[in-house]
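*Asks:*
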Amino acid sequence: MARKIIREHNATKKERQELFSQAGSRAINAARAASLPLTYVEGTTIVREEHGKKTIIGKVGPRMSVIQKKIKLS
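The numbering of the sequence shown is the numbering used here, which starts it at 1 and goes up by one.
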């Protein structure tokens, strides 16, 4: 697979998203290989994963959708 150098002016949103997804997966795999703890959100639960053991830290509210507001300046 040929690698493409992604710059803001020559990449599509899909290409940038693929790059970010790969970078995230590699970072998670590297953290697990180094036995570092991971903290993430599953639904509304904050989870800390360390050495394969999951601990629930707390809860967060559900995701809120952003409401677009238009402001008219005169």
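Backbone N, C-alpha and C fix where the C-beta goes; we use that ideal spot for every residue, glycine too.
These numbers were taken from a predicted model, which means no experiment stands behind them.
Run through DSSP, which three-state label would LYS54 get?
*Replies:* Three-state DSSP puts LYS54 in a strand.
*Asks:* In the DSSP assignment, find the beta strand (DSSP E) that holds LEU38 and state where it starts and stops.
*Replies:* LEU38 -> beta strand (DSSP E) spans 38-42.
*Asks:* Can you pull the DSSP bridge partners for ILE46?
*Replies:* DSSP lists VAL41 and GLY58 as partners of ILE46.
*Asks:* Taking C-alpha atoms, which residue in MET64, LEU36 and ALA33 lies nearest to GLY43?
*Replies:* Closest by alpha carbon: MET64.
*Asks:* With a threshold of 8 angstroms, are at least 3 pairs of Cβ atoms found where one atom belongs to the segment 14-27 and the other to the segment 35-55?
*Replies:* Too few Cβ pairs lie closer than 8 angstroms, so no.
*Asks:* Can you find the residues in the same chain that come closer than 7 angstroms, C-beta to C-beta, to GLY58, ignoring five residues on each side of it along the sequence?
*Replies:* ILE46.
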